[in-house]
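Enquirer: If you scroll down you'll find the structure; I have some questions about it.
Residue numbers (our numbering): 101 to 344.
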């Protein structure tokens with residue numbers, strides 16, 4: 101069941117949900133049937149990012165209470181095999197065991213499951229994820245985000261979740277070169293997480309989101325495509341920092 105990916109961050113505002121949508125889209129481009137789950141209860145955003153907000157009637161909380169799963173899955177426009185399971189629009193404490201059972205079911209019925217967790221280190225639902233879940237922690241290049249990514253890594257280890265990889269998002273080489281932010285090696289050392297990829301800062305991403313569409317081009321999308329291929333076992337070297 102290592103087709104389950106949990107997207108996390110210690111700190112909000114690092115672009116985690118954007119990364120989650122891009123990873124799910126990149127996975128679908130590989131010919132896989134993909135479901136993306138929004139877990140940010142009361143603050144859902146993936147439906148807006150993906151252009152399906154007007155269609156939402158049921159969400160994950162309804163499924164956990166017995167509603168038909170496939171009635172709560174929304175096909176992403178222009179994507180043949182990418183589906184969204186949205187979060188509730190209000191806070192609705194999820195049944196933990198039912199959540200764990202749902203993840204296992206989705207892992208059996210889809211080629212890949214991406215779970216976009218809310219920022220922070222509330223481990224309640226993390227504990228219900230399958231032991232083979234591949235956790236992906238998103239950080240910005242700034243010191244606060246890096247420190248909080250380290251807190252997230254320690255918290256996951258504390259509940260026995262040992263597979264964790266780091267994505268550095270909104271990377272600006274000029275900030276590294278000028279000494280404003282630490283270098284890539286220092287970021288890895290501070291977070292204590294193995295690096296899987298670096299996504300450059302790219303204006304194309306927020307422009308696409310403002311339209312409720314997935315970004316289709318740009319350096320950031322190329323970086324995400326490399327990351328998803330690494331996650332599926334391809335040996336793709338990381339570019340040098342100044343070429344990202």
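Backbone N, C-alpha and C define an ideal beta-carbon position, used for all residues, glycine too.
Since the structure is predicted, the reported quantities are computational estimates derived from the model, not experimental observations.
1. Could you check the C-alpha separation between residue 265 and residue 273 for me, to the nearest Å?
2. So, are the CB atoms of residue 114 and residue 297 less than 8 Å apart?
3. Under the assumption that residue 267 contacts residue 127 (Cβ atoms under 8 Å), give the Cβ distance between them as a whole number of angstroms.
4. What are the boundary residues of the beta strand (DSSP E) that includes residue 105?
5. Check residue 155 in the structure and name its three-state DSSP category.
6. Please tell me whether residue 223 and residue 203 are closer than 8 Å, where the distance is taken between their beta carbons.
7. Suppose contacts are defined by Cβ-Cβ distances below 8 Å. Is residue 154 in contact with residue 187 by that definition?
8. Looking only at its own chain, which residues have a Cβ that is under 8 Å from the Cβ of residue 207, when we skip the five neighbours before and after it?
9. Return the chain-ordered list of same chain residues with a C-beta closer than 8 Å to the C-beta of residue 173, the five sequence neighbours on each side being excluded.
10. Should residue 149 and residue 108 be called a contact, given that it needs their Cβ atoms to be closer than 8 Å?
11. Between the Cα of residue 133 and the Cα atoms of 236, 147, 286, 179, which residue gives the shortest distance?
12. Just confirm the distance between the C-beta atoms of residue 388 and residue 118, as a whole number of angstroms; I'd bet it's less than 8 Å.
13. DSSP puts residue 138 in a beta bridge; with which residues?
14. Near residue 199, what residues of its chain come up, given a Cβ to Cβ distance below 7 Å and the 5 sequence neighbours on each side ignored?
15. Residue range of the beta strand (DSSP E) that residue 269 falls in?
16. For the structure I just gave you, are there three or more beta carbon pairs, one from the region 305-322 and one from the region 251-264, closer than 8 Å?
17. Could you tell me the alpha carbon to alpha carbon distance between residue 159 and residue 285, rounded to whole angstroms?
18. Exposed or buried, what is residue 303 when buried is set at 16 or more other beta-carbons lying within 10 Å of its beta-carbon?
19. Applying the 10 Å Cβ sphere with the 16-neighbour rule, what's the burial state of residue 276?
20. Is it right to say residue 243 is buried, meaning 16 or more other beta carbons lie within 10 angstroms of its own, or is it exposed?
21. Here's the rule: buried if 16 or more other CB atoms are within 10 angstroms of the residue's CB, otherwise exposed. What is residue 345?
Expert: Taking the geometry as given:
1. In the chain shown, counting from the first residue as 1, residue 265 sits at position 165. In the chain shown, counting from the first residue as 1, residue 273 sits at position 173. Each residue's alpha carbon lies about 21 Å from the other.
2. Taking the chain shown and counting its residues from 1, one reaches residue 114 at position 14. Taking the chain shown and counting its residues from 1, one reaches residue 297 at position 197. No.
3. Within the chain shown, residue 267 is the residue found at index 167, counting from 1. Within the chain shown, residue 127 is the residue found at index 27, counting from 1. No, residue 267 and residue 127 are not in contact; Cβ-Cβ is about 14 Å, not under 8 Å.
4. The count along the chain shown starts at 1 and reaches residue 105 at position 5. Element bounds for residue 105: 104-108.
5. The sequence position of residue 155 within the chain shown is 55, counting from 1. The three-state secondary structure of residue 155, taken from DSSP, is helix.
6. Translated into the one-based positions of the chain shown, residue 223 becomes position 123. Translated into the one-based positions of the chain shown, residue 203 becomes position 103. Taking 8 Å as the cut-off, the beta carbon of residue 223 is found no closer than this to the beta carbon of residue 203.
7. Residue mapping note: residue 154 aligns to position 54 of the chain shown, counting from 1. Residue mapping note: residue 187 aligns to position 87 of the chain shown, counting from 1. Cβ atoms of residue 154 and residue 187: not closer than 8 Å.
8. Mapped onto the chain shown, residue 207 falls at position 107. Counting only Cβ-Cβ distances below 8 Å, and skipping sequence neighbours, we find 101, 103, 104, 213, 230.
9. The residue given as residue 173 occupies position 73 in the chain shown. Closer than 8 Å at Cβ, skipping near neighbours: 135, 183, 184, 185.
10. As a working mapping, residue 149 is identified with position 49 in the chain shown. As a working mapping, residue 108 is identified with position 8 in the chain shown. Not in contact: residue 149 and residue 108 (Cβ atoms no closer than 8 Å).
11. The residue labelled residue 133 in the question sits at position 33 within the chain shown. When only C-alpha atoms are compared, the closest one is 179.
12. Within the shown structure, residues of the chain are numbered from 101 to 344, placing residue 388 beyond reach of any answer.
13. Here the question's residue 138 lines up with position 38 in the chain shown. DSSP lists 216 as partners of residue 138.
14. Reading the chain shown from its first residue, position 99 is the one you call residue 199. Excluding its 5 nearest sequence neighbours in each direction, residue 199 has C-beta neighbours in its own chain below 7 Å: 164, 225, 228, listed in chain order.
15. As a first step, residue 269 is located in the chain shown; it is residue number 169 there, counting from the start. Per DSSP, residue 269 belongs to the beta strand (DSSP E) from 264-271.
16. Counting C-beta pairs closer than 8 Å gives fewer than three between the region 305-322 and the region 251-264, which falls short of the contact rule.
17. Here residue 159 refers to the residue found at position 59 when the chain shown is read from its first residue. Here residue 285 refers to the residue found at position 185 when the chain shown is read from its first residue. Cα to Cα, the separation comes out at about 40 Å.
18. In the chain shown, the residue the question calls residue 303 occupies position 203. With a 10 Å radius around the Cβ and a threshold of 16 neighbouring Cβ atoms, residue 303 comes out exposed.
19. As a first step, residue 276 is located in the chain shown; it is residue number 176 there, counting from the start. The residue in question, residue 276, is buried, as its Cβ has 16 or more Cβ neighbours within 10 Å.
20. Translated into positions along the chain shown, residue 243 becomes position 143. Result: exposed.
21. This structure does not reach residue 345, given that the chain is present from 101 up to 344, and the question cannot be answered.
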